[in-house]
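Before any comments, here is the structure.
Residue numbers (this note's numbering), protein chains in the order written: chain A, 104 to 548; chain B, 4 to 683.
Below, the structure written as structure tokens:
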């Protein structure tokens, strides 16, 4: 407000902007490579009938939005973050009565040809709200109460998203725990989270009973090894037994319960497919239609990953060249414009191209962390970590999915996947950060 | 306040880094370490389409094509495009009902998928094709007609010579080191097989890109790896198709063979084996239908008796015996013996058909009268030749002569699986008689009986040697290859002249005159031709067969060998009719007709009547007939059953019942064979 005539480029981190533009252009080129048929170039790009021309239009919209964001006073974001959060939650709630069914998801509102996916947009608002909360003046983040409030800010939209059958999008919200960790969430929560993850993976890989025996044996060995300390203090024994009980409880009861009652059968099958196993779903209480639906989803999931691995694997070191990939050119990989866009790079440009792309993303992430650490205000730093976490989660899960090390979770690759909402969301996330960073000399509470 | 927890930024960095390293390692494995994805991708997206060239055409000596290519049409179906189709209309044209229609569509989908065309009905009969062609616009694009080249035999003749093609099986694939591919056709018998590399041409390959639904979307790498198909080359043969057709007519209802060779070149004019079959029955999809029961037929119609039938030559060997004795110098043309109706030189008397004095007074007379005593005697003279010190050496020398005449060895005709006949080695007698044997032991060889067998081709070749006065060219069918180059060495062996004796021409003349006497005044009068001097020899060969496990003497084989004109031979013929009795009865007249047809190019009406008479006479052993009748009735039963099922269909469905493929109608001509073969 002080001076509206400031130079828009002042303080902007151009490196991030350059990487951003590179990624979006690569994305449009990839969409072009997979969807271009024999239409003429001019009509192809101008008609807006083709996916690549539409993505180009979204990019133009993003550019305008980015300029607007850069012109906005950075205080605007801190001031309005709570209001936006509230709007976001309301939008999420509005989905329930007004959603349109598109491809099995219930998360999209459609009005007059325009589609809106609040779950996607909400990432921005949650990130802002969390940063706002973490930067409150009298916050003691080592207290359980404030930790719970922070968790609630993140988990409320996550739960609403799950209720809209968008498990993949909901999982993204868990990446915000990385922000909380940076802002003082006790390390042991991260350790516990990690341990539980390992335990769940082990549960998938190893037979239930064998794993229980292994856990028991290791607990017994630990008690035997530390018998002298136990003599001195009984609490070690108690803790060990408690940990053992929790572990066995998770692998014997919690995980099967979670798989059977919380997750949908096709999701369980996708998870099992990732570790190369077939999961037999208990079909007793299911209607025939549901069983068929489940089988279809399972087949589709397995087929996607198989084709995607073939496409990427056949790329070799240098790849087949843009537009020369036989797998991505001829629709062997389903959803290759959106969730499986990485295949185009993997096949067309091989290992070399993939590594360059991964390098770009890693550079972006490290750059954002560096930006975060040079902020004076907690708000900016927390927000920056939020951006990094969301990007990281998307990139890792998406690419991991296409190469078969992560279960099939339908989330887009930032800046590259086809889709207006996703591209706009990621752009806004990033440019708010750039705007905040440009004003890093100001102290924002 | 914010500075604390600063060290945690590095933890975050490490998490990012480790995750990206995991992704990189996985990419490393997928893209660099494992090659299986390359192959999977190719398999996914590139289809290799073989473009088949036209096979070469085979012409007879007058340039008429006797084996060519024609088109048949398959009705193809595209399962995805059947919506709103006039199903009933197509059912009516094809004569099938709706359930059968549905069944076939489902079958097509199972076999080839929805997006690729499948064969709905192959090799359409001509009436169906015409009807479909008029109406196909009503059924497009769900149904369409696709042409497919098949081999066709316009004269319906020379089945054994020309052979047939068939789809390669896994054995052939392995044997040819995967030169062929599944679905390829190759020559399986006859010239089709022998000249496969010439006839097949060069396959073309087209690499095409297909999409995720297996639809072809374009060529791969702009056709960089494609190659075009080069048509097979044509063959020019020495066959005279008119003579060939006549020979096959003469052998109708009989077991036997006729071989006619041009002596100056060794070119085969005709080669027939009875019973024969219409080679068109083994083309395209008919082959599967017909070959299985042809193989089971007791008459063995697929068996080429001209090169694989091995018979005792009987008296037809006598001219050869004379040549050996003359070449060794143990007799002169004037040599004669007195024969009183039997040869008594050895312990068991050998009967002779003549007992008049002087019927073996010299070589010429002995030949004309086919005196058994005379030829038994000169056989012994040759084997016991004092110059050769001992029977064993004498026999070996005799065998060597026989082999050089092409007897007991493969001649090397340009057909696959020729048999070599039988001239036994001395070890055979050593083993059988414990080394104590002499010229009396196998004296029957002198009159073409005993341990001796020859194929009709070998006997015809023997005639060539006598006609040429001492040499022959390896009998062959193909004269030249169109576009022949120095690289085509396949025909070189047929340009080599084989000299087999050192007998001067005037002595040959005497043998020839003896054989001319056979025709003019001896046993072979039936083979006389108006205005042409013929030289020939009859043969009546004793033979045995295993009947229900018992060795029994069967009716004699009827042999006739000849050449004409004697002064300037143009054709040499060998005829055998199994179990037909005297050589003069059946084989003789047949040989006469063949020579006349070839030399005069036409037959008089009277002679055609003779052809008809021979054609209609059935000469088949009763045992063979019984066996064949039984097999036949079993087949009839099966056909009746199929027909009944078809009628049942008809009464249910709207259209006329489906045509049961009863294209196996040739069995009327087919008959049986045996030679020393088991009938059980």
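Every residue, glycine too, gets a C-beta built ideally from N, C-alpha and C.
Can you give the Cα-Cα distance for residue i and residue j, rounded to whole angstroms?
| i | j | result |
| --- | --- | --- |
| residue 279 of chain B | residue 247 of chain B | 12 Å |
| residue 305 of chain A | residue 354 of chain A | 8 Å |
| residue 194 of chain B | residue 165 of chain B | 5 Å |
| residue 658 of chain B | residue 134 of chain B | Any reading at residue 658 of chain B needs caution, since the residue's pLDDT is 37, under 50, leaving its predicted position unreliable; the model's value is listed next. Between residue 658 of chain B and residue 134 of chain B, the C-alpha separation is close to 15 Å. |
| residue 24 of chain B | residue 512 of chain A | 21 Å |
| residue 399 of chain A | residue 252 of chain A | 40 Å |
| residue 183 of chain A | residue 271 of chain A | 28 Å |
| residue 229 of chain B | residue 180 of chain B | 22 Å |
| residue 296 of chain B | residue 302 of chain B | 11 Å |
| residue 156 of chain B | residue 506 of chain B | 44 Å |
| residue 273 of chain A | residue 474 of chain A | 27 Å |
| residue 234 of chain B | residue 432 of chain A | 35 Å |
| residue 169 of chain B | residue 93 of chain B | 30 Å |
| residue 559 of chain B | residue 550 of chain B | 15 Å |
| residue 309 of chain A | residue 218 of chain A | 44 Å |
| residue 607 of chain B | residue 486 of chain B | 39 Å |
| residue 153 of chain B | residue 68 of chain B | 15 Å |
| residue 364 of chain B | residue 254 of chain B | 37 Å |
| residue 127 of chain A | residue 142 of chain B | 49 Å |
| residue 469 of chain B | residue 569 of chain B | 10 Å |
Should residue i go down as buried or exposed, given a rule of 16 or more other Cβ atoms within 10 Å for buried?
| i | result |
| --- | --- |
| residue 341 of chain B | exposed |
| residue 267 of chain A | buried |
| residue 520 of chain A | buried |
| residue 222 of chain A | buried |
| residue 572 of chain B | buried |
| residue 598 of chain B | buried |
| residue 10 of chain B | exposed |
| residue 39 of chain B | exposed |
| residue 457 of chain A | buried |
| residue 480 of chain A | buried |
| residue 489 of chain B | exposed |
| residue 363 of chain A | exposed |
| residue 533 of chain A | buried |
| residue 247 of chain A | exposed |
| residue 354 of chain B | exposed |
| residue 314 of chain B | buried |
| residue 540 of chain A | buried |
| residue 295 of chain A | exposed |
What are the partner residues of residue i, as DSSP defines its beta bridges?
| i | result |
| --- | --- |
| residue 217 of chain A | A/214 |
| residue 562 of chain B | B/542 and B/579 |
| residue 256 of chain B | None; residue 256 of chain B has no bridge partner. |
| residue 121 of chain B | B/80 |
| residue 567 of chain B | B/574 |
| residue 314 of chain B | B/457 |
| residue 345 of chain B | B/354 |
| residue 67 of chain B | According to DSSP, residue 67 of chain B bridges with nothing at all. |
| residue 149 of chain B | B/77 |
| residue 62 of chain B | B/68 and B/239 |
| residue 556 of chain B | B/547 |
Those runs of the beta strand (DSSP E) which lie wholly inside the segment 469-517 of chain B and span at least 3 residues: Listed in chain order, the beta strand (DSSP E) elements of length 3 or more contained wholly in the segment 469-517 of chain B are 474-476, 481-484 and 500-502.
Between the segment 482-505 of chain A and chain B, which residues of the former have a C-beta closer than 9 Å to a C-beta of the latter? Cβ contacts with chain B come from 484, 488, 491, 492, 495, 498, 499, 502 and 503.
Between the segment 13-31 of chain B and chain A, which residues of the former have CB atoms less than 8 Å from a CB of the latter, in chain order? Per Cβ criterion, the list reads 14, 15, 16, 18, 19, 20, 22, 23, 25, 26, 27, 29, 30 and 31.
Using a Cβ-Cβ cutoff of 9 Å, what residues of the segment 457-469 of chain A are near chain B? List them in chain order. Listed in sequence order: 457, 458, 461, 462, 464, 465, 468 and 469.
Residues in the segment 34-53 of chain B having any Cβ partner in chain A nearer than 7 Å: Hits within the stretch, in order: 34, 35, 37, 40, 41, 43, 44, 47, 48 and 49.
Taking any Cβ of chain A, which residues in the segment 182-213 of chain B have a Cβ under 8 Å from it, in chain order? Residues of the segment 182-213 of chain B with a C-beta atom less than 8 Å from some C-beta of chain A are 212 and 213, listed in chain order.
Completely contained beta strand (DSSP E) runs for the segment 406-486 of chain A, where each covers 3 or more residues: The qualifying runs do not exist here; there are none.
For the segment 376-462 of chain B, which segments carrying the alpha helix (DSSP H) assignment without a break, of at least 4 residues, lie completely within its bounds, in sequence order? Runs of alpha helix (DSSP H) with 4 or more residues, each lying fully within the segment 376-462 of chain B, are found at 394-407 and 429-435, listed in chain order.
Runs of alpha helix (DSSP H) wholly within the segment 237-291 of chain B (minimum 4 residues, chain order): The segment 237-291 of chain B contains these whole alpha helix (DSSP H) runs: 244-253.
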